[in-house]
Amino acid sequence: MKKNFKYSLMFLIGLLQISIGAQEVITPEKAVKIALENNYGIKLAYTDVHIAENNADILNSGYLPTVTGNAGASFTVNDVDGETAQGPISRGDVESSRYNASVDLNYVLFDGLGRSYNYKQLKETKQLTELQARATIENTILQLFTVYYNVAEMTENIGAIEQSFAISKDRLLRAKYQFDYGQSTKLDVLNAEVDVNNDSITVMNSKQQLRNFKRDLNLVLGNTLNNEFDIDSEIAFNTLYDKEELIQKALSGNVSIMLANKGIAMTELGVKNQRSAYLPTIGLIGSYGWNQNNNPASFTTEISTVGLTGGLNLRWNLFDGGNTITRVNNAKLNLEAQQIEKERILVTLERDFNNAWENYLNRLEIFKLQEDNIKTAQNNFNRTEEKFKLGQVNSIQFRLAQVNLLNAEVNRNRAKYAAKIAELEMLQISGDLLNTTF
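Below, the structure is given as structure tokens:
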């Protein structure tokens, strides 16, 4: 019984240690989900979209009438002197009062179609804001993975650095044994100690840099994580992209092109809106009101009226000093500027895509070469280590092979994540970033 209890206790302790030591793993998919829900910039972009949706509602269109309620009362006290058909009249401190209440309606029947164009502009503005939010999301996703892969790269670098640190400590231990048995000099021990200290500093600096990168990642994720988390460093590359297909996607789906097209559409509506000022405005007015006047000094001491009034009004600005003409001409020039800007964006987009395409292929090829370089550096280190143990190479040669292996691993990690970022940048330019499976 005691033996079973002992084993159960050990098992529970083991589970507790595992749960304490386990850290949350943030996968790329999970990181994207967290960023979309909690990133501060994306939250602000969503707020702008909601505001634009409110502005594009029928309640903000000008199509609905305005209805106002009015009410008032006034009191006066006067001395009255006058002549009537019955003779002179003279009274002091005569009180009179007036009361009124009404419900008034004002509705624009026709305003030269300006209201229609303005409403369409509000809808276009809503779509423009949605595109701006998409641009914010794309930039945030790219920023997210830049920091995410910084964490991944530094994590793998630390693994290589700690492995090299272990080799240096083993070399120091070996040098001390050899010195104790008279097989080496004190200089070998001192050189080994220097290398151990340098490697120890490198480990400390790398871990501090990793903590900084994790804080940067947490900031992009809206500060939703604790400091103890790991990330998934497994990545895959797509080598089956079709360049012409991506170019066509860029020309139709790149957010900069879509923003330019939306800007042109809004400016065209702006020209029509300004032209509407040449036409008249026709309005409908109506009122239902009650009025009561009390005046003892008048021939009629009390008058009350209740009734409905209505009518039409027309206002036509025949000439406003040329202001409308100026606004229309400026709107046309603004439209030309928008079209020129689109041409500039198209030329820039083509250049940026070609740069991104070749940059991705170049970095992918560098990554493959760095992987081959790892094999060479590892083979060189293994051979040098064997000869070092046999005394056929000195500590300087051994250290050089060790550093070369570490540099090869660090360069391979840098090349791998640089190639992945280049791939994401290419997808962003092609407008296909948000359709990617991360």
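Counting in this note's numbering, the sequence shown runs from 780 upward without gaps.
Built from N, CA and C at the ideal position, the CB exists for glycine as well.
CB contact flag (residue i, residue j, <8 Å)
i                 : j                  : result
leucine 951       : valine 975         : yes
leucine 1230      : isoleucine 1061    : The structure shown has nothing for residue 1230, since the chain only spans 780 to 1217.
glutamine 922     : methionine 1045    : no
serine 1055       : aspartate 883      : no
leucine 759       : glutamate 917      : The chain is shown only over 780 to 1217; residue 759 falls outside these bounds and no answer can be derived.
glycine 1086      : glycine 1068       : yes
threonine 1103    : glutamine 1053     : yes
leucine 1128      : alanine 1029       : yes
serine 977        : serine 1209        : Reading off the sequence, residue 977 comes out as asparagine, not serine. No, they are not a contact pair.
threonine 908     : aspartate 836      : no
phenylalanine 944 : serine 979         : yes
asparagine 730    : threonine 1084     : Summary: the structure shown does not reach residue 730, with the chain confined to residues 780 through 1217, and so no result is reported for it.
isoleucine 904    : alanine 810        : Position check: residue 904 holds threonine in this sequence, whereas isoleucine was assumed. Cβ atoms of threonine 904 and alanine 810: not closer than 8 Å.
valine 968        : lysine 986         : no
lysine 1041       : glutamine 906      : yes
alanine 1194      : phenylalanine 1146 : yes
leucine 1184      : phenylalanine 1217 : no
leucine 888       : leucine 1063       : yes
leucine 1038      : leucine 910        : yes
asparagine 818    : leucine 1000       : yes
serine 875        : threonine 847      : no
glycine 891       : tyrosine 1057      : yes
Rounded separation between residue i and residue j - CA only
i                 : j                  : result
lysine 785        : threonine 1155     : With a pLDDT of 41 at lysine 785, under the threshold of 50, the modelled position of this residue cannot be trusted; read the value that follows with caution. Going from the Cα of lysine 785 to the Cα of threonine 1155 covers about 51 Å.
serine 853        : tyrosine 878       : 7 Å
lysine 1199       : lysine 1111        : 44 Å
glycine 800       : aspartate 1009     : Bear in mind that the predicted position of glycine 800 carries a pLDDT of just 45, short of 50, making it too unreliable to give a figure here.
asparagine 737    : aspartate 1021     : In the structure displayed, the chain extends from 780 to 1217; residue 737 sits before or after that span and is not available.
asparagine 1134   : asparagine 984     : 34 Å
alanine 1197      : arginine 1142      : 7 Å
glutamate 1023    : glutamine 1118     : 25 Å
isoleucine 1026   : phenylalanine 1132 : 7 Å
glycine 1089      : tyrosine 886       : 11 Å
isoleucine 920    : alanine 814        : 8 Å
glycine 1170      : arginine 953       : 12 Å
alanine 912       : isoleucine 940     : 41 Å
serine 963        : valine 1189        : 32 Å
glutamate 1144    : leucine 1114       : 45 Å
phenylalanine 924 : serine 1035        : 21 Å
valine 1050       : proline 1059       : 17 Å
leucine 1091      : glycine 851        : 25 Å
leucine 966       : glutamate 972      : 10 Å
leucine 1148      : serine 1012        : 20 Å
methionine 789    : threonine 1003     : With a pLDDT of 41 at methionine 789, under the threshold of 50, the predicted position of this residue should be treated as unreliable, though the coordinate-derived value follows. Each residue's Cα considered, the two are about 35 Å apart.
leucine 1140      : arginine 1191      : 16 Å
arginine 1123     : serine 881         : 59 Å
asparagine 1214   : serine 947         : 47 Å
valine 804        : asparagine 897     : 50 Å
asparagine 1158   : asparagine 991     : 34 Å
glutamate 1204    : glutamate 1164     : 42 Å
valine 1107       : asparagine 849     : 39 Å
valine 1182       : asparagine 1152    : 13 Å
asparagine 1138   : glutamine 1207     : 14 Å
glutamate 1150    : alanine 1180       : 17 Å
threonine 981     : arginine 1162      : 25 Å
threonine 1105    : asparagine 833     : 31 Å
lysine 812        : phenylalanine 1167 : 51 Å
histidine 829     : glutamate 808      : 26 Å
asparagine 1109   : alanine 1116       : 10 Å
Residue range of the unbroken beta strand (DSSP E) whose run includes residue i
i              : result
glycine 1032   : Counting along the chain, glycine 1032 falls outside any beta strand (DSSP E), though it belongs to the alpha helix (DSSP H) covering 1022-1032.
isoleucine 805 : 803-805
aspartate 1009 : 1008-1010
Segment limits, alpha helix (DSSP H) that includes residue i
i              : result
aspartate 949  : 893-959
glycine 1170   : Here glycine 1170 belongs to no alpha helix (DSSP H), and DSSP marks it neither H nor E.
glycine 820    : 819-834
isoleucine 980 : 965-999
Using 8 Å as the cut-off, can you tell me whether the segment 840-852 makes contact with the segment 816-829, which would need three or more C-beta pairs spanning the two stretches below that distance?
no
Using 8 Å as the cut-off, can you tell me whether the segment 928-939 makes contact with the segment 988-1004, which would need three or more C-beta pairs spanning the two stretches below that distance?
yes
Enumerated in chain order, which unbroken segments of the alpha helix (DSSP H) with a length of 4 residues or greater are wholly contained in the segment 1059-1094?
none
Report yes or no: do three or more beta-carbon pairs, one from the segment 1166-1176 and one from the segment 936-946, lie closer than 8 Å?
no
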